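A short worksheet on the structure shown next.
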Amino acid sequence: MDRECVSLLPRVCEVLAASGSSLPDDTSLEKLLDWFTGLTKAGTSLLESCPCLLEFISTVVHNTALDPSILSFTLRLTGFVAVTEVAFKVLQESSVLDLVFNLQHWQEAGLWEDPCIRIGWIQGLRTMMQHPKALSFFVQADFLQPLLQLQTDKSLFVASAANQMLAHVLLSCQSVSSVGSNDVDEEGEDVGRSGGSIADLEYSAVTVETNQDYAAVVTAISECLKKSLVPRENTQLHQSLQILKLLALLLAQTRPPLWEKLLQMVADSVDELLVAGYSQLILPLMDVILAAYSSCDVNRRAPDQRVSRLLSFMLNIRKPADLIQAAAAFLRRGLHDLVHTAQSARVLLLPLDIITGLNLLTTTADEQRFLMMEQLKNKTSCISLICVCLTNTPQMTLMAADCLPCPPVLIVTAVLSLLKLCSGDSSSPSSSSSGCREVSRNVIGSSKVQKCALDALTALSGSPGVEVKLAEVFTLLVQCLDNPDSDPTVLQKSFQALVQWMSVCSDLSSITDQHRQDLLQVVRKRSCDIRWEVRDSTVEFLGRLAGVRVIQTTAEEASDASVAVLGGCCFTTPLLRAALQDTESYVRASAISALAQTLAASWQQGAALTQEQTEIVNQLLEVLSWDTEGFARRAVVRYFIAWLSSMSSHSCVQSPASSSLLMPSVRSVLSRGSADLDWEVKVHTLELAELLLDEAFSGQRGYTKGNPTQTHPYAVIPNTLHTRTHNEEDVVGVLNSLVQWGVVSALLSGLVDCDRPVALRACRLLITLREVVCPLSLGALDATAAMATVARVTCELPGCGWAREIRKMLVMKAKDANAEGGVSGGEVVNCDDCGEAGQEAASVGGQTPCVSVCEVLRSLDLDERLDVLTRSSDHVHNSPLSLLQDILTASSARSQPDTQQEVIADCY
Amino acid sequence: NMPEINVTPLGAGQDVGRSCILVSIGGKNIMLDCGMHMGYNDDRRFPDFSYITQNGRLTDFLDCVIISHFHLDHCGALPYMSEMVGYDGPIYMTHPTKAICPILLEDFRKITVDKKGETNFFTSQMIKDCMKKVVPLNLHQTVQVDDELEIKAYYAGHVLGAAMVHIKVGSESVVYTVSVNKYAKSHISAWIDKCRPDILISESTYATTIRDSKRCRERDFLKKVHETIERGGKVLIPVFALGRAQELCILLETFWERMNLKAPIYFSTGLTEKANHYYKLFITWTNQKIRKTFVQRNMFEFKHIKAFDRSYADNPGPMVVFATPGMLHAGQSLQIFKKWAGNEKNMVIMPGYCVQGTIGHKILNGQRKLEMEGRATLDVKLQVEYMSFSAHADAKGIMQLIRMAEPRNMLLVHGEAVKMEFLKGKIEQEFSIDCYMPANGETATVTTNPSVPVDISLNLLKREMALGGPLPDPKKPRTMHGTLIMKENSLKLVSSEQALKELGLNEHQLRFTCRVQLQDPHSDPDTLHRIYTHLKSVLKGYTIQHLPDGTVMVESIVIKVSSSAEDTNAKVLLLSWSYQGGEYFFTALCIVKRLMYQ
């Protein structure tokens, strides 16, 4: 624990106890508790380290006039303090504990009405309940009743916390009782404390008496569950709901015999509840049944018969909406139960069967079909039911074949015909009966159903045997894309589905020329849609398509989908180039990324540069210089990263022509990108610089690709890295070219950037560079001697911006070194005068001063800098110490109201 | 069961944190705002959606999300919700908010990435994908979210693009608004209709404050900047990329022009141009003053404000610099602050609120020695000024809004509990309506009048029209007479004749009778005549007849007089009326009684 913090704490406690209004802002108390949580987790005893807390708690608890937030904080703090048995005893002996958690005390003060007091009370108790003493305290103080009441609290947060607490109590009781029976305990996940959790209890600690207490608690809770589960009137549904939530928590976590006991206690009530058929309770009920069911599954016990019966009951409810919910909940669990899985699948497919008129289910009970049909006639419930069914279809198709009433292909057909219905196409088989027609009218134009169906369709691409549907899917998606009524999200999802189907199916032999023509037309149309969202999705689609490898029958060779269905660059490139002029920067950025994706293949094949590509590069450099928005500029840098990395990974086929364009462009990207105003452009530019470093030094001894700090000092360096011998001449040549490309300036300018991610990346790369050209491990003199030639490589430090910062740092370093009388600090800046005035003069006079790269690298204290940069930028001001100081300052500012203006918490 | 509207704040309930308010109305669930809290670095910065996603997807639960304005505490969690938690449904905001939101979200992402260990955070692609789900709203245009739910946006004027929203399902409605500032009233398309919502949900940030006029604050701001420049100092104004920054720029630009000042003004963020572009694009949304000046010359092509280069900070002489981020978290504003803090001639002006854990917060608190990285300390000698340009309404503004919209209930959010309590008292006293202020996680429930759709026969309507009076108007309810038939789950209002016909029933007449005893020495016919003349004089406009059979008729009420055989002075007044005459009966009876006692 930080000594400074501890020394400030007593004063902070005084301030808080004196007046609650001195808080810097609404997060302060939460952050203070975060600190205490951290300390407790680290095994610190709060009472030992901060004895002032005891006095604080007892002062505050008597002063009910304080701000409720302070009181709530104190309740929670008490929990942390009393987490060890020793501290608990101290608190109890000083009778603080009784008062803190005394409900009457808060009620009499009129504070119980405030939800923050109630939640503080629950959380404080919850934190403390890590040892049997606390549990005994809980039992003796008879907190169970109020806790059960809080379960139905009007505050969502309080009710949920109370439920969690009740579960915790019961599980604690289970652990304590099980110690006696020498059972293995798996619980105790909580705030893993030093002070011995209940699980660590010594056998002897549990007396017969306490055991009886716990048994009483268990009985009381289960009695209450049993009693309150079935609502006596509609207004009590909320209570049943809460009880069900608690029950689900418990049945998932308890073990026999408690599990058995609980189940036995509530089984009848659950039955009763099922028969009563409250729709609002269906999902929570299903959760309870499934929790019990999975608990058998997990513990490899045979499913309990009562539970199986309840489950079967749920999957046979009459009310269609409830039935669908129950079936979906069952499938979501992914349990291995063939009978119920098959049944759930049938339930979920019924609405699709009805609405599409396809025979997905060979047989269904007439009554069930009739009820479902009636339900589907209501538009709102039709849409919501269909959406639930659709969401579950992909999972269904992956189930064992004998669970599915129909092959996955038929499900795809159903989704397709549903999509047709949505767009008003009634040519599907559903028009057979008037009921179906009435139902199918409900989904016409519903974008909610469309989105859901498209998501399902995308996921269904991976189902077994559905490839045969590719042509049909293709046709339908193109129709969706062409539909003037489709909303932008529907169009986006259609594009995504198309890409997904093509990438999964890969064999495009079923795609006809007509298909291609239709797609071309619709892409052309959507690329100039009035809505930017649509244009952007279209452009993104073009890019993604280029990344999909497919096989065509005509040419057995694999190609990318863009070539296969759109004819490749001759179609896409003009569209994308046009999109570079888009008014919306998002679209411009997507167009640039898409261009990189479509051209990737030609880069990799080392194809000769076309006139068009040269024009594109010029256009992109223009964008980098002139585009007013960051997104497009970021994309330009990424374009060059993609190009450069594809060239270096396929260096054997590198065409000299493309190199001749690439390298000069990279140079201008480096210089423009590192002077950009957007931090991400700068980060990407450094990524580009990193690629150049990799390229230049790959195999060079001392060069570790990527992050130097991540390499373990004793890591075995792969042999491949030693293939090139350490040749000083090579290094000089490489370093010279790095300087010429502008890599070194880009790194140096990044180092002094005000945005931490930029500076951090630059710093790491500079260290990497230093380690390869002039490692610090060589002493200064050795280094000078050993690398006399390398040291001659210089770079320019112009008079403005970042270079001035670097110069200042060098001057400071030199001064420090001289002051220390050290030998390492020689002249690093080889202009006559290191002083600022001299530098200014040098630049003004047109002479840009040059410095030795090696000396700069060795003088910049990069390691210290890295240390600071790898920390959070707010590590000083968002620390516990800073928080404590802020609380103290706020309080003293408040005591002199004249000097300060009131700062009101406000929007930002 | 009476229908009810439930409002549950997940954020902004009795606090000024991240706004996120759930409303369920007529079976629809709507999320109002989806903000983040800058004071936290973990999941607590976002609303806890697990309370509404249990057992399902957010898309299944929510019918739509509505964002009131671009401030991060109102929209900052949107990409998290839509792209990370998962929500595919519609998100509504005005055109300017949709344009500006991504700028601020990017700005915020930068601050977050700048800190260490930021995982579980949205990417630029997520921001874009989220914005693609946004459906832009036009002012005063009713948008049909689905068959039942409709929303309509009104100008709010808090910041560029801020809107009030009227949400309606059937006959139930809710209005949600950020605090409306005074400019709203002078705006072209200003102010909300007298829409009488069931609940008006309003922010109450400045609920107890009567604020100086904005002009006062502006004058003060210019004065302070000017003084600093005059004495050769530098002024740093930390801002977020968009919002206050542009308005302050305009102020300074105009002032520099007027005073013919030469000191340079710089704007340090790369996003300026885009921001200015949006101010230009949405000029009709800005306040009157900006618009007026804009007509005179193009406000956004600044003559005096130039882009900032990091080396300028070291230049000698006075200057004004706008730099991001706004709370001196990190980045450029902090870098400049560190350079200038040591000189007492300089000044930093904080134009907005700063959360704890930032340098902005510390200096506003009055700290003058700041601990910096590596145990270094920074002496803050420069002058620190706080000037809130927040465009929230004070209590007066909120009261005015209530007067305009005439809500049946009021609900306060986005304010401190104590201040809300004060305003609540005032509202309940002045308007006699219930005012709610639920804490986060608490639900305020308001029951509404059930709306029962009834078909009405055309004949009945025509007859009502024939009776005269104004044409039907949904805002002015009128009484109608007819017979309500409930048949096969439907309700129909028809004339009684038609009802009899349809149901195949005969008409029965009910007559009610009443005896009144009184003492009167006159003969029976005389008594009757006296009654007749009196009624005639008092009940003007009624048909009153003295019939030859010895009865008086007032409309359909029949009055007869008889005396007992034993005592001729003791008269018995016999009254008889049909059910239609009920409403006149009591009037007539009172008059007769009064007459008898005279």
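As you go down the protein sequences, you meet chains H and X in turn. Using the working numbering, you'd call the opening residue of the first sequence number 5 and step up by one each time. Using the working numbering, you'd call the opening residue of the second sequence number 24 and step up by one each time. From the three backbone atoms N, C-alpha and C, an ideal C-beta is built for every residue, glycine too. Computed from a predicted model, the values in this text were never measured in an experiment.
Spell out whether any CB of chain X is found under 7 angstroms from the CB atom of residue i.
i              : result
S11 (chain H)  : no
A295 (chain H) : no
N106 (chain H) : no
T909 (chain H) : Here residue 909 (chain H) turns out to be Ala, not Thr, going by the sequence shown. Yes, because at least one Cβ of chain X sits closer than 7 angstroms to the Cβ of A909 (chain H).
W39 (chain H)  : no
R760 (chain H) : yes
A897 (chain H) : yes
Hey, how far is the Cα of residue i from the Cα of residue j?
i              : j              : result
R676 (chain H) : S629 (chain H) : 7 angstroms
A501 (chain H) : N64 (chain X)  : 36 angstroms
H300 (chain X) : S886 (chain H) : 40 angstroms
I61 (chain H)  : V100 (chain H) : 7 angstroms
K35 (chain H)  : E52 (chain H)  : 21 angstroms
E906 (chain H) : L289 (chain H) : 52 angstroms
V538 (chain H) : V526 (chain H) : 12 angstroms
G398 (chain X) : H881 (chain H) : Just to set this straight, residue 398 (chain X) is Arg in the shown sequence, not Gly. Distance between the alpha carbons of R398 (chain X) and H881 (chain H) is about 12 angstroms.
S455 (chain X) : K230 (chain H) : 44 angstroms
K174 (chain H) : V222 (chain H) : The residue asked about is misnamed: residue 174 (chain H) is Leu in this sequence, not Lys. Roughly 6 angstroms between the two C-alpha positions.
V302 (chain H) : Q257 (chain H) : 11 angstroms
L994 (chain H) : M506 (chain H) : Here chain H has residues from 5 to 912 only, and residue 994 (chain H) is not among them.
I293 (chain H) : H242 (chain H) : 19 angstroms
Using a beta-carbon distance below 7 angstroms, is residue i in contact with chain H?
i              : result
K208 (chain X) : Confidence in K208 (chain X) is poor, its pLDDT being 45 and thus under 50, which makes the residue's placement unreliable; the coordinate value appears in the next sentence. So, not an interface residue.
I215 (chain X) : no
A336 (chain X) : no
H118 (chain X) : no
Q358 (chain X) : yes
H504 (chain X) : no
I382 (chain X) : yes
V475 (chain X) : no
Q148 (chain X) : no
E465 (chain X) : yes
Report, in whole angstroms, the separation of the C-beta atoms of residue i and residue j, which I expect to be a contact under 8 angstroms.
i              : j              : result
V472 (chain H) : D540 (chain H) : The Cβ separation is near 32 angstroms, so there is no contact.
C426 (chain H) : G361 (chain H) : That pair is no contact at about 15 angstroms.
T251 (chain X) : V262 (chain X) : Not quite, the Cβ-Cβ distance comes to about 17 angstroms (not below 8 angstroms), so this is no contact.
In chain B, which residues lie with their C-beta within 9 angstroms of the C-beta of residue i?
i             : result
D38 (chain X) : Looking for chain B here will not work: the only protein chains present are H and X.
To test your reading of the DSSP string, which unbroken beta strand (DSSP E) runs of 3 or more residues are found completely within the region 223–271 of chain H?
List check, beta strand (DSSP E) in window: nothing returned.
What are the residues of the region 469–499 of chain H that lie near chain X, defined by any Cβ-Cβ distance shorter than 7 angstroms?
From the region 469–499 of chain H, only P492, T493 and Q496 have a Cβ closer than 7 angstroms to chain X.
Could you name the residues of the region 153–177 of chain X whose beta carbon sits closer than 9 angstroms to any beta carbon of chain H, in the order they occur along the chain?
For the region 153–177 of chain X, which is checked against every Cβ of chain H, the residues closer than 9 angstroms are M154, K155, K156, V157, V158, D169, D170 and E171.
Suppose only complete runs of 4+ residues qualify. What are the alpha helix (DSSP H) ranges in the region 518–564 of chain H, listed by chain order?
The region 518–564 of chain H contains these whole alpha helix (DSSP H) runs: 536–550.
At which residue ranges does the region 599–630 of chain H contain complete beta strand (DSSP E) runs of 3 or more residues, listed in the order of the chain?
You should have found no qualifying run.
Along the region 314–331 of chain H, what residues have a CB closer than 9 angstroms to any CB found in chain X?
Listed by position, the residues of the region 314–331 of chain H near chain X (Cβ gap below 9 angstroms) are Q329.
Would you list, in chain order, the members of the region 390–413 of chain X that have their beta-carbon closer than 7 angstroms to a beta-carbon of chain H?
Of all residues in the region 390–413 of chain X, only Q390, E394, M395, E396, G397, Y409, S411 and S413 come within less than 7 angstroms of chain H when Cβ atoms are compared, listed by chain position.
Segments assigned alpha helix (DSSP H), at least 4 residues, entirely inside the region 208–291 of chain X:
Within the region 208–291 of chain X, complete alpha helix (DSSP H) segments of at least 4 residues are found at 237–253 and 267–282, given in chain order.
Got a sec: which bits of the region 526–552 of chain H sit with their beta carbon under 8 angstroms from any beta carbon on chain X, in order along the chain?
Residues of the region 526–552 of chain H with a C-beta less than 8 angstroms from any C-beta of chain X: E537, D540 and S541, listed in chain order.
What runs of the beta strand (DSSP E), each 3 residues or longer, lie entirely inside the region 364–438 of chain H?
Taking only runs of at least 3 residues, no beta strand (DSSP E) segment lies wholly in the region 364–438 of chain H.
Can you list, in chain order, the stretches of the alpha helix (DSSP H) that have 4 or more residues and sit fully within the region 753–827 of chain H?
Listed in chain order, the alpha helix (DSSP H) runs fully inside the region 753–827 of chain H are 760–777, 784–790, 792–795 and 805–824, counting runs of at least 4 residues.
Name the residues in the region 607–623 of chain H whose C-beta lies less than 8 angstroms from a C-beta of chain X; which are they?
When C-beta distances to chain X are compared with 8 angstroms, every residue of the region 607–623 of chain H stays at or above that value.
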